[in-house]
Amino acid sequence: MTNILELPRTPKASFYGNQFGANGEQTRVNASTFQTSKACLRKYLYEVLLARRKPETDPHLRFGTLIHAAKALFELNKSRGASHDLALQGAFRFLLRETWDEVRAKPGFTEDPLKNRSTLLRTFVWYADQYRDDTFETVMLPSGAPAIEAQFEFDSGVRSASGEPMTFVGTIDKIGKFNGVTYVGETKTSSSARFLTAQNYTPDGQFSLYTCAALVCFGIESDGVVLDGIEIGTNATAFRRVIVPRPREVLEEWLRDARVHLRRLSEAFGRNEWPQNDAACGLYGGCRFRGVCGANPAERAGLLGLSDDNTATKENQNVSD
Amino acid sequence: MANEFPTSPEVLGEASAFSLSDLALMSPGEMGPSAEMAYINELRAYRERYERALGAKGVRAKPGASTKAAPKTSLALLDVAFGDDSDGGF
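Top to bottom, those sequences are chains F and Y. Letter by letter, the first sequence follows residues 1 to 321 of our numbering. Letter by letter, the second sequence follows residues 1001 to 1090 of our numbering.
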């Protein structure tokens, strides 16, 4: 019988960057995988260590990725002195190419009713125009570079099971001043405005981490996050900008708690113990691994697309959606 | 789906030399800078028509205004849940 807990845990480097040590332990932790580990260690094992993430072709993932990438290109070119329309055209061209299937000579993006090529292009043009005269002005990093797509890494103060420092890593969309106050900027897309509120991100691990990182890594103290919410509809896109505060005391508490969670993660790896958190199975529309966790343990490797002969690196199989 | 944006023909109508549907099927290679800008401008014109139609219907054209609450679909939830996967680089 295959014991999932004994299978090799070697996610492809290209998927997560070099966040993993030689023993397969994650020592550089990003917001997304950290959230997963907090929600359920078993889910973390499946999704992160066994690399059973949602496929990169997932329309929601792909849509968000492309919006972020186009926005970064747009902002970068504007910061270099390009006019609004020129910067927009450059980012638009990027999106056109990214969503075109050269081999089949036709649009190559998803056919999802909300997240498709047409809604992507429309959303980006409307987004750029919506904030054409934006008063959320990018600040400069200590290096002199504009604070756009700013990658960070800082020591959490926690050691991994193998004794390595565990660090937090990520990429901040933007740091800027809005009405004279400094904030981290973050863009989120959703099919419903009710998920694009300050309340929905209070508390929220990613927002707290990024606000911490702005201070720790760049020496920029910010009051929280400017959330640019993008609500995608089939025929239109709407925008809402909200401030999501993060007082210093809240951040300090978050960091203390985060260290506790990291220690638990390190301990789980050291002991190879990945308990299911069955209180979380029904959250967020239901965990996609529910079918796996509910199955007989002997069947789980098959359901995950794993086998005894070290196929754990075979990535991107959709398990139970 | 989740949003209740107007879908009436007058909103979706197109009235210029370049149609959005034609532009959407043009390959990036054959498009060229002028068609790119035409595409961008068509999307802007579409937005104007959309917002005019909202006004005519007496619906507030305030960004983010949604006339109905979205259903509790996993699609909507997944949107946000995986939004930060695009943080790039890691």
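Each residue gets a CB set at the ideal place from its N, CA and C atoms; glycine is no exception. Computed from a predicted structure; not experimentally measured.
Residue i: first and last residue of the uninterrupted beta strand (DSSP E) it sits in
{"i": "Pro245/F", "result": "237-245"}
{"i": "Tyr183/F", "result": "181-190"}
Neighbourhood of residue i by C-beta distance below 6 Å, restricted to the same chain and skipping five residues each side
{"i": "Tyr1039/Y", "result": "Leu1023"}
{"i": "Leu265/F", "result": "Ser37"}
{"i": "Gln206/F", "result": "Ala31"}
{"i": "Ala91/F", "result": "Ala70, Leu73, Phe74"}
{"i": "Cys217/F", "result": "Phe152, Phe154"}
{"i": "Cys281/F", "result": "Cys287, Arg290"}
{"i": "Cys293/F", "result": "Gln276"}
Exposure of residue i, with buried meaning 16 or more beta-carbon neighbours within 10 Å
{"i": "Lys71/F", "result": "buried"}
{"i": "Thr171/F", "result": "buried"}
{"i": "Asn272/F", "result": "exposed"}
{"i": "Glu186/F", "result": "buried"}
{"i": "Val225/F", "result": "buried"}
{"i": "Val260/F", "result": "exposed"}
{"i": "Gly270/F", "result": "exposed"}
{"i": "Val103/F", "result": "exposed"}
{"i": "Gln199/F", "result": "exposed"}
{"i": "Arg28/F", "result": "buried"}
{"i": "Trp18/F", "result": "Here the sequence assigns Asn to residue 18/F, which means Trp is not the residue at that position. Exposed, since its Cβ has fewer than 16 Cβ neighbours within 10 Å."}
{"i": "Met166/F", "result": "buried"}
{"i": "Gly64/F", "result": "buried"}
{"i": "Asp228/F", "result": "buried"}
{"i": "Pro142/F", "result": "exposed"}
{"i": "Ala150/F", "result": "buried"}
{"i": "Leu1020/Y", "result": "buried"}
{"i": "Leu1025/Y", "result": "exposed"}
{"i": "Ser248/F", "result": "Correcting the residue type first, residue 248/F is Arg in the shown sequence and not Ser. By the neighbour-count rule (16 or more Cβ atoms within 10 Å), Arg248/F is not buried but exposed."}
{"i": "Leu114/F", "result": "buried"}
Beta-carbon proximity list for residue i, same chain, < 8 Å, skipping 5 on both sides
{"i": "Thr138/F", "result": "Glu75, Ser79, Pro146, Ala147, Ile148, Lys174, Ile175, Gly176"}
{"i": "Leu86/F", "result": "Asn77"}
{"i": "Asp101/F", "result": "Pro107, Gly108"}
{"i": "Ile67/F", "result": "Leu120, Thr123, Phe124, Tyr127, Thr187, Thr189, Ile230"}
{"i": "Ala295/F", "result": "Leu303"}
{"i": "Trp274/F", "result": "Leu5, Leu41, Arg42, Tyr44, Leu45, Ala268"}
{"i": "Leu96/F", "result": "Leu121"}
{"i": "Arg132/F", "result": "His84"}
Own chain residues within Cβ distance below 7 Å of residue i, not counting five before or after
{"i": "Ala1069/Y", "result": "Note that Ala1069/Y scores a pLDDT of 36, beneath 50, so its modelled location is shaky and nothing firm can be said."}
{"i": "Leu251/F", "result": "Ser208, Thr211, Cys212"}
{"i": "Val181/F", "result": "Asp223"}
{"i": "Arg122/F", "result": "Thr237"}
{"i": "Thr99/F", "result": "Pro107, Gly108, Phe109, Arg117, Leu120"}
{"i": "Ser162/F", "result": "Gly21, Asn23, Glu25"}
{"i": "Leu255/F", "result": "Cys212"}
{"i": "Glu164/F", "result": "Gly21, Thr27"}
First and last residue of the uninterrupted alpha helix (DSSP H) at residue i
{"i": "Thr171/F", "result": "Looking at the DSSP string, Thr171/F is not in any alpha helix (DSSP H); the run it does join, the beta strand (DSSP E), is 165-178."}
{"i": "Leu227/F", "result": "Unbroken run through Leu227/F is the beta strand (DSSP E), 224-232; no alpha helix (DSSP H)."}
{"i": "Gln206/F", "result": "205-218"}
{"i": "Phe289/F", "result": "Run containing Phe289/F: none; DSSP gives neither H nor E here."}
{"i": "Met1031/Y", "result": "1028-1056"}
{"i": "Ala298/F", "result": "297-303"}
{"i": "Gly270/F", "result": "248-271"}
{"i": "Pro275/F", "result": "Neither: Pro275/F is in no alpha helix (DSSP H) and is coded neither H nor E."}
{"i": "Ala193/F", "result": "No alpha helix (DSSP H) contains Ala193/F, which DSSP labels as neither H nor E."}
{"i": "Asn77/F", "result": "59-79"}
{"i": "Leu27/F", "result": "Here residue 27/F turns out to be Thr, not Leu, going by the sequence shown. Here Thr27/F belongs to no alpha helix (DSSP H), and DSSP marks it neither H nor E."}
{"i": "Leu1023/Y", "result": "1020-1024"}
{"i": "Arg42/F", "result": "41-44"}
- Would you list, in chain order, the members of the segment 1036-1054 of chain Y that have their beta-carbon closer than 8 Å to a beta-carbon of chain F? Glu1036, Met1037, Tyr1039, Ile1040, Leu1043, Arg1044, Tyr1046, Arg1047, Tyr1050
- Task: Mind checking the segment 116-127 of chain F against chain Y and listing, in chain order, the residues whose C-beta falls within less than 8 Å of any C-beta there?
- Result: Arg117, Ser118, Leu121, Arg122, Val125, Trp126
- For the segment 1019-1035 of chain Y, which residues have a CB atom closer than 8 Å to at least one CB atom of chain F, in sequence order? Leu1020, Ala1024, Leu1025, Ser1027, Pro1028, Met1031, Pro1033
- Runs of alpha helix (DSSP H) lying entirely within the segment 95-169 of chain F, each at least 4 residues, in chain order: 117-130
- Query: Between the segment 76-103 of chain F and chain Y, which residues of the former have a C-beta closer than 7 Å to a C-beta of the latter?
  - Reply: Leu88, Gln89, Phe92, Arg93, Leu96, Arg97, Trp100
- Members of the segment 127-144 of chain F near chain Y, C-beta cut-off 8 Å: Asp129, Gln130
- Item | Interfacial residues, the segment 247-260 of chain F to chain Y, with Cβ spacing under 9 Å | none
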